[in-house]
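Q:
Numbering (our numbering), first residue to last: -4 to 701.
(1) If I'm right that residue 616 touches residue 570 with Cβ under 8 Å, what's the distance once you round it to whole angstroms?
(2) Pick out the complete alpha helix (DSSP H) segments inside the segment 277 to 326, 4 residues or longer, and give them in chain order.
(3) Check each candidate in 552, 411 and 602 and name the one with the smallest Cα separation from residue 501.
(4) Return the chain-ordered list of same chain residues with a C-beta closer than 7 Å to the C-beta of residue 607, the five sequence neighbours on each side being excluded.
(5) Quick one, are the C-beta atoms of residue 139 and residue 316 less than 9 Å apart?
(6) Extract the residue ranges of the beta strand (DSSP E) inside the segment 374 to 449, only unbroken runs of 3 or more that lie entirely within it.
(7) Start and end of the alpha helix (DSSP H) containing residue 84?
(8) Give the C-beta separation of residue 720 and residue 334 to the nearest angstrom, bearing in mind that I take them to be a contact with Cβ-Cβ under 8 Å.
(9) What's the gap between the Cα of residue 437 and the Cα of residue 338?
(10) In whole angstroms, give me the CA-to-CA distance for residue 560 and residue 664.
(11) Is the CB-CB distance between residue 534 and residue 505 below 9 Å?
(12) By DSSP, does residue 696 sit in helix, in strand, or in coil?
(13) Does the Cβ of residue 487 have 16 or more other Cβ atoms within 10 Å, making it buried, or fewer, making it exposed?
(14) Counting C-beta neighbours from all protein chains within 10 Å, is the total for residue 60 16 or more, i.e. buried, or is it exposed?
(15) Closer than 6 Å by C-beta to residue 93: which residues in its own chain qualify, once you throw out the five before and the five after it? Chain order, please.
(16) Under the three-state reduction of DSSP, which class applies to residue 241: helix, strand or coil?
(17) What is the rounded straight-line gap between the Cα of residue 310 and the Cα of residue 342?
(18) According to the neighbour-count rule (16 or more other Cβ atoms, all chains shown, within 10 Å of its Cβ), is residue 117 buried or exposed?
(19) Roughly how many angstroms separate the alpha carbons of residue 352 and residue 303, rounded to a whole number?
(20) Helix or strand or just coil, what does DSSP make of residue 217?
(21) Rounded to the nearest angstrom, what separates residue 267 and residue 247 at their Cα positions?
(22) Which value, in whole angstroms, describes the spacing of the CA atoms of residue 652 and residue 288?
(23) Going by the CB atoms, is the gap between residue 389 and residue 364 shorter than 9 Å?
(24) Does DSSP put residue 75 in a helix, in a strand, or in coil?
(25) Looking only at its chain, what residues have a beta carbon closer than 6 Å to the beta carbon of residue 667, apart from the 5 residues adjacent to it on each side?
(26) Would you decide whether residue 176 is buried or exposed? Buried here means 16 or more other CB atoms lie within 10 Å of its CB.
(27) When the distance is taken between beta carbons, is residue 207 closer than 9 Å to residue 253?
(28) Ordered along the chain, which non-local residues of its own chain (more than five positions away) have a Cβ less than 6 Å from that of residue 386?
(29) With a Cβ-Cβ cutoff of 9 Å, do residue 121 and residue 63 count as a contact?
(30) Let me check understanding here. Comparing Cα to Cα, which of 271, 218, 210 and 257 lies closest to residue 238?
(31) Pick helix, strand or coil for residue 163, following the three-state DSSP scheme.
(32) Ignoring anything shorter than 4 residues, give me the alpha helix (DSSP H) runs that lie fully in the segment 92 to 148, in order along the chain.
(33) Mapping DSSP to helix, strand and coil, what is residue 157?
(34) Whose C-beta lies closer than 6 Å to the C-beta of residue 529 among residues of the same chain, with five residues either side of it excluded?
(35) Could you check whether residue 645 and residue 472 sit closer than 9 Å to each other, using their CB atoms as the reference points?
(36) In the DSSP assignment, what residue or residues form a beta bridge with residue 538?
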């Protein structure tokens, strides 16, 4: 994560081999060399693509049935952006001299430098891989709409009757819950600041623009990137109905419809990247994102919400494109996928810059329909209504139909995001995500339908429209970010990254096997990162917070080796302790007794750990920042111990002390610190090894108050 080669091992998830081929030149950019030195100084092995330079990677499709035959995306290094015409010309000249045939289908030079090419000759790939400027090659593959038709018949009812069956809007809107009705003028009065109109861009199928729900609010772009229909094809998963406009019409009305919409009167721009089968390609989606990039660059003040109601297998190209758009200010909302699987295996759902949405039904059960159902896991940010959702139908201008899927759930969140930006046009992408999490409905989902090992990584949050008065009162917003699944890791350490606008205040680790060696905050490039060490199953868990004008640093104490503990603290009197972590090199830590510090010790500013571990204190100074520690030591064996922050305080760090071999790890869940350890009956450990759980809770005190 965090480098140009992020996610190079993702295809191992489907047990498909990576093809590593040599480049001609061993040269690396200075930025990459510095990043490698940073990794070595932190005890990390360099990324695989830099260990034995020169070489690059061909990313194979994670789903062999989804592969587009003989078609490849070739991405070049950023330095080649202005040379794409020359590169294409030289490639064609070399291919002609070698009697190789290939066709350049598209040249990317706006979002990033690259080409889309078609060739059935392996020797053509060899030619391209021999260019020193190639970043990676990715097989083009198919993508699919994530919408399911629930009933085989249309609903045609009077529009006043439609309101009574819109359980989804009642679920996400506090104002609706209070009045049991939905009044257009009341809703729009909540969002009066409209100096910078917000527009939603929908990447999907065509739209029926004359439906009464959306008439006059749909702009059809001239972008057409859907592949030709293959009516006899068996490669498409059964995740969508076959029609040309039904998918897009249903979603557009959910976002902006007069009765069924979340954000009434918001303008929708339709970009067609899916065909009549609800089928698209990775390359077509990237072209759509490039189209949006050019619009955003031409008007940097434009507020744009991008709805991505589709998935492909994991795609580095799509994720890179999403990162660039998000960093430019676009809010991207994506379907998690309808495969009852880990969302991290799909794109754009796996992109850290995207708000990824899972689906629930009217009883807050995870959405399922036969063998299909909502995806889950650490790549999901939030859930929203996604089963039996009534919205506009394609067949007539007053027709409605029920559909289900994570596409419908994502449309709800896209509408909420559009309303939030309408009310507060200057919200950054990071601020919007944090507020979306803050105002969500917590602990409502019955997560027993998810695999046990994924339940605590999957957020138990249902999206809700913020109240009409959004006075946060100096609220400290924080969220939990897990590292990618171990299959995807670049180095032997797990890495969890915050958004560039967020501060990393706490770092912890977790491994289901218990074979871990702790964690600490390190610096990679110019960013702080949470690093976790141990076996292949270890995860890093970062606590990422919005803390404007913060001055943060990490202070480390080497292992004491003698005595009972290692201590470190915040030496700057203006800084407060926001997080503690510890890292050890030995395979198994011995137990040592808990001791009470000497009287007068400044506990709120000090971290303690095992004598054989280095201890790290994260310290920050920001206007009004106050922090306190809460700790708890169970009196009897417990598999899980929790400590929660008081009302008005926000959890910034979660750790266990002392660290022993029985600890599986610690991680934040909302405002609660959770520590899990192995069953003493299985390990044979004694009660002397019971842990002390330490939660650090912070708040922003308004200026002028004590």
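Think of the CB as a built atom: it goes at the ideal place given N, C-alpha and C, for glycine as much as any other residue.
A: Taking the structure as given:
(1) Locating residue 616 in the chain shown gives position 621, counting from the first residue. Locating residue 570 in the chain shown gives position 575, counting from the first residue. Contact annotation, residue 616 with residue 570: C-beta distance approximately 5 Å; criterion of less than 8 Å satisfied.
(2) 277 to 293 and 311 to 322, all fully within the segment 277 to 326.
(3) Position 506 of the chain shown holds residue 501. When only C-alpha atoms are compared, the closest one is 602.
(4) As a working mapping, residue 607 is identified with position 612 in the chain shown. Only 554, 556, 579, 581 and 584 meet the Cβ criterion.
(5) Position 144 of the chain shown holds residue 139. Position 321 of the chain shown holds residue 316. No, they are not a contact pair.
(6) Here the runs fully enclosed are 377 to 380, 384 to 387 and 395 to 399.
(7) Position 89 of the chain shown, counting from 1, holds the residue named residue 84. Here the alpha helix (DSSP H) through residue 84 covers 79 to 92.
(8) No information on residue 720 is available, as it lies outside the stretch -4 to 701 that the chain covers here.
(9) Your numbering for residue 437 matches position 442 in the chain shown. Your numbering for residue 338 matches position 343 in the chain shown. CA-CA distance, residue 437 to residue 338, rounds to 20 Å.
(10) The residue you call residue 560 lines up with position 565 of the chain shown. The residue you call residue 664 lines up with position 669 of the chain shown. Cα to Cα, residue 560 sits roughly 28 Å from residue 664.
(11) Sequence index remark: in the chain shown, residue 534 carries index 539 (1-based). Sequence index remark: in the chain shown, residue 505 carries index 510 (1-based). Going by C-beta atoms, residue 534 is nearer than 9 Å to residue 505.
(12) The sequence position of residue 696 within the chain shown is 701, counting from 1. The three-state reading of DSSP puts residue 696 in coil, since its state is none of H, G, I, E or B.
(13) As a position in the chain shown, residue 487 is number 492, starting the count at 1. Classification of residue 487: exposed, given that the 10 Å Cβ count is below 16.
(14) Along the chain shown, read from residue 1 onward, the residue named residue 60 stands at position 65. Exposed, by the Cβ-count rule.
(15) What you label residue 93 is simply residue 98 of the chain shown in a count that begins at 1. Scanning its chain for C-beta atoms nearer than 6 Å, with the 5 sequence neighbours on each side dropped, one finds no residue around residue 93.
(16) Within the chain shown, the letter at position 246 stands for residue 241. DSSP places residue 241 in helix when its eight states are reduced to three.
(17) Residue 310 sits at position 315 when you count from the first residue of the chain shown. Residue 342 sits at position 347 when you count from the first residue of the chain shown. Rounded to whole angstroms, the gap between the alpha carbons of residue 310 and residue 342 is 6 Å.
(18) Position 122 of the chain shown, counted from the start, is the residue given in the question as residue 117. Around the beta carbon of residue 117, fewer than 16 other beta carbons lie within 10 angstroms, which makes this residue exposed.
(19) For the purposes of this step, residue 352 is taken as residue 357 along the chain shown, with counting starting at 1. For the purposes of this step, residue 303 is taken as residue 308 along the chain shown, with counting starting at 1. Rounded to whole angstroms, the gap between the alpha carbons of residue 352 and residue 303 is 10 Å.
(20) Along the chain shown, one-based indexing puts residue 217 at 222. Of the three classes helix, strand and coil, the one that applies to residue 217 here is strand, per DSSP.
(21) Along the chain shown, one-based indexing puts residue 267 at 272. Along the chain shown, one-based indexing puts residue 247 at 252. It is roughly 13 Å from the alpha-carbon of residue 267 to the alpha-carbon of residue 247.
(22) Here the question's residue 652 lines up with position 657 in the chain shown. Here the question's residue 288 lines up with position 293 in the chain shown. Cα to Cα, residue 652 sits roughly 48 Å from residue 288.
(23) As a working note, residue 364 is residue 369 in the chain shown. As a working note, residue 389 is residue 394 in the chain shown. Not in contact: residue 364 and residue 389 (Cβ atoms no closer than 9 Å).
(24) On the chain shown, position 80 is the one that residue 75 refers to. Three-state DSSP puts residue 75 in a helix.
(25) Residue mapping note: residue 667 aligns to position 672 of the chain shown, counting from 1. Same-chain partners within the cutoff: 637 and 639.
(26) Here residue 176 corresponds to residue number 181 of the chain shown, with the count starting at 1. For residue 176, the pLDDT reaches just 40, beneath the cut-off of 50, and the residue's location in the model is therefore unreliable, although a value from the coordinates is still provided. Around the C-beta of residue 176, fewer than 16 other C-beta atoms lie within 10 Å, and the residue is accordingly described as exposed.
(27) Within the chain shown, residue 253 is the residue found at index 258, counting from 1. Within the chain shown, residue 207 is the residue found at index 212, counting from 1. Contact flag set, yes.
(28) Stepping through the chain shown from its first residue, residue 386 is reached at position 391. Take residue 386, set aside five residues on each side of it, and the residues of its chain with a beta-carbon closer than 6 Å to its own are 245, 248, 249 and 255, in chain order.
(29) Here the question's residue 121 lines up with position 126 in the chain shown. Here the question's residue 63 lines up with position 68 in the chain shown. Not closer than 9 Å, so no.
(30) Mapped onto the chain shown, residue 238 falls at position 243. The residue with the shortest Cα to Cα distance from residue 238 is 271.
(31) For the purposes of this step, residue 163 is identified with residue 168 of the chain shown, where counting begins at 1. It is helical.
(32) Within the segment 92 to 148, the runs of alpha helix (DSSP H) that reach at least 4 residues and sit entirely inside it are, in chain order, 117 to 124.
(33) Your numbering for residue 157 matches position 162 in the chain shown. Note: residue 157 maps to helix in three-state DSSP.
(34) Here residue 529 refers to the residue found at position 534 when the chain shown is read from its first residue. These residues qualify, in order along the chain: 506, 510, 511 and 512.
(35) Position 477 of the chain shown holds residue 472. Position 650 of the chain shown holds residue 645. Cβ distance < 9 Å, so residue 472 and residue 645 count as in contact.
(36) Along the chain shown, one-based indexing puts residue 538 at 543. Among the bridge pairs identified by DSSP, residue 538 is matched with 475 and 501.
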